[in-house]
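Report on the structure given below.
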Ligand code: SAM
Ligand code: SF4
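In this note's numbering, the protein residues as written are 950 to 1392.
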């Protein structure tokens, strides 16, 4: 079969990881991947439902694909992921040119579903839960860094969030399977792994906790860096901070979504921690690892958020001084608890709060990055800088993006870079020392 497929991924790292699995499943069946949508025989949209804005992008894209389908009647269009799970048949009703809808737990069957679509001659919708479970291999990108799923789904039911509904109950992956996958990646030459889950630090497999999993992964030779995302503040025991401080491969970065700085809002969000507990974690982390980067997510305009509540979010940001924060306007998600809460905030007010919060987080991010001017940092080189010829792109252990001049042979190595320029979202620098005399680990 010479069918070519194109995948467009929307949303979070979990979706990116799922897309790599879908690509693996299809190439195993003889399909070829293309990065050019117009030459594809099969277009897959792997969608996100976490905010209305993410959904609007997909609805718009589906509208535009109608023309392409008219010109290429044999083109197959498949919609998967969180929106597919949430809307199901409705996608076909709204966009009859869609051929296939598959859910977050049925993508393992995608090659069979395509065959079914071709033989049945009508649209196929499958939102069932597949067996075997979805931790199939992945067709990964650049051979340097890789996602490693340790769990799927979520049981936390934050009142604003659709994830538990579209991704199902939280399930943890057997520890041997995770370690086996990391060993395989190390053999293939991967340098960095990111343990992935909606709430990684709630991981447990029999008597192995998340901190213990980190300790086991740290023993695997060849891997230089271990990251993990996302952590929930309700599940950050002291032993996790100790493990981060002790284990040389675990990077000094904690993404710890706070969502709000006001206790009354955190309660209504069902987050199960207080502002004080959050600050306590930050203090402990900074005591153990003073240079650790802390990043966060915030939602502004949650139902009932008063001006004072919002000021508390700003003051939390001032107090913690996050290295970076992703800030969102609250978006009603049908079926969630918050969608039926009173005290909805008008859009213009949400926008104004979002602007103020973004301005503040950017100012602090710039100040924090400027603190690094003149420092020599360890950078794992990931790729070229697609925007500037002759420049490379890498990341520090604290997950900051660094651009610097270098040649393509350096991709995959760890170098020392002196920081010469800072913006709120990236750093610029120059290689420190003569890279010819650096060994693979950059020392
Ligand atoms: N499990 C992760 C967590 O708890 O942080 C990621 C969840 S979600 C994919 C990523 C972020 O989207 C959340 O941290 C939250 O800030 C934001 N988010 C989720 N639901 C939202 C909603 N209804 N409106 C606006 N932002 C939302
Ligand atoms: Fe959504 Fe909360 Fe689960 Fe994160 S922890 S996926 S925000 S319900």
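Just so it is clear, CB atoms sit at the ideal spot from N, CA and C, and this is done for glycine as well.
Note down the Cα distance separating residue 1099 from residue 1370, rounded to an integer number of angstroms.
Between residue 1099 and residue 1370, the C-alpha separation is close to 37 Å.
Any non-hydrogen atom of ligand 1 closer than 8 Å to residue 1121 Cβ
no
Could you pull the DSSP bridge partners for residue 1369 from this structure?
Bridge partners of residue 1369: none, in fact.
Helix, strand or coil at residue 1223 [DSSP, three-state]:
coil
Using a threshold of 9 Å, state whether the C-beta atoms of residue 1175 and residue 1199 are closer than that.
yes
Can you tell me whether residue 1147 sits near ligand 2, meaning its C-beta is under 8 Å from at least one heavy atom of the ligand?
yes
How long is the line joining the alpha carbons of residue 1170 and residue 1031, rounded to whole angstroms?
36 Å
Just list the alpha helix (DSSP H) runs in the stretch 967-1041, keeping only unbroken ones of 4 residues or longer that don't cross its boundaries, in chain order.
For the stretch 967-1041, whole alpha helix (DSSP H) runs of length 4 or above, ordered along the chain, are 1001-1020 and 1031-1036.
Is the beta carbon of residue 1054 sitting closer than 9 Å to the one on residue 960?
Not in contact: residue 1054 and residue 960 (Cβ atoms no closer than 9 Å).
Per DSSP, which one or two residues make a beta bridge with residue 1142?
Paired residue(s): 1095 and 1175.
Report whether the distance from the Cβ of residue 1282 to the nearest heavy atom of ligand 3 is below 8 Å.
In the structure shown, ligand 3 is absent; the only ligands present are ligand 1 and ligand 2.
With a 10 Å radius around its C-beta and 16 neighbouring C-beta atoms as the bar for buried, classify residue 963 as buried or exposed.
buried
CB of residue 1181 to nearest heavy atom of ligand 2: below 8 Å?
Residue 1181: yes, Cβ under 8 Å from ligand 2.
Expected contact under 8 Å - CB spacing of residue 954 and residue 986 to nearest Å:
So it is not a contact: roughly 10 Å between Cβ atoms.
If you follow the beta strand (DSSP E) that residue 1187 is part of, which residue opens it and which one closes it?
Unbroken run through residue 1187 is the alpha helix (DSSP H), 1187-1195; no beta strand (DSSP E).
How is the beta strand (DSSP E) around residue 1165 delimited, first residue to last?
Residue 1165 -> not in any beta strand (DSSP E); alpha helix (DSSP H) instead, spanning 1159-1167.
Buried versus exposed call for residue 1050 [16 or more other C-beta atoms within 10 Å across all chains shown]
buried
Along the alpha helix (DSSP H) that carries residue 1244, what are the first and last residues, could you check?
Run containing residue 1244: none in the alpha helix (DSSP H); it sits in the beta strand (DSSP E), 1242-1249.
I'd like to confirm something about residue 1363: is its beta-carbon nearer than 8 Å to some heavy atom of ligand 1, or not?
For ligand 1, no non-hydrogen atom lies closer than 8 Å to the CB of residue 1363.
Relative to ligand 1, is the shortest distance from any of its heavy atoms to the C-beta of residue 1087 smaller than 8 Å?
no
If you follow the alpha helix (DSSP H) that residue 1297 is part of, which residue opens it and which one closes it?
1296-1319
Using 8 Å for Cβ pairs, my map puts residue 952 next to residue 991. What's the rounded Cβ distance?
Going by Cβ atoms, the distance from residue 952 to residue 991 rounds to 6 Å, so yes, they are a contact pair.
Just to confirm the assignment, what range does the alpha helix (DSSP H) spanning residue 1350 have?
Segment 1350-1354 is the beta strand (DSSP E) holding residue 1350; no alpha helix (DSSP H) there.
In this structure, does DSSP put residue 1056 in helix, strand or coil?
Judged by DSSP in its simplified three-state form, residue 1056 adopts helix.
Flag residue 960 as yes when its Cβ comes closer than 8 Å to any non-hydrogen atom of ligand 1, and as no otherwise.
Indeed, a heavy atom of ligand 1 lies less than 8 Å from the Cβ.
From the DSSP output, in three-state form, read off residue 1279 for me.
coil
Tell me, please, whether the stretch 1254-1266 touches the stretch 1301-1315 by the rule of three or more beta-carbon pairs shorter than 8 Å.
yes
With DSSP collapsed to three states, give me the class of residue 1273.
strand
Helix, strand or coil for residue 1084 per DSSP?
Coil at residue 1084, not helix or strand.
List the residues that DSSP assigns as beta-bridge partners of residue 1108.
Beta-bridge pairing links residue 1108 to no other residue.
As a quick exercise: from 1113, 1363, 970 and 1208, pick the residue whose alpha carbon is nearest that of residue 1085.
For the set 1113, 1363, 970 and 1208, the Cα lying nearest the Cα of residue 1085 is the one of 970.
Start-to-end residues for the beta strand (DSSP E) that takes in residue 1075
1073-1075
Leaving aside the five residues before and after residue 1276 along the sequence, list all residues of the same chain whose C-beta is less than 7 Å from its C-beta, in chain order.
1247, 1249, 1303, 1306, 1307 and 1310
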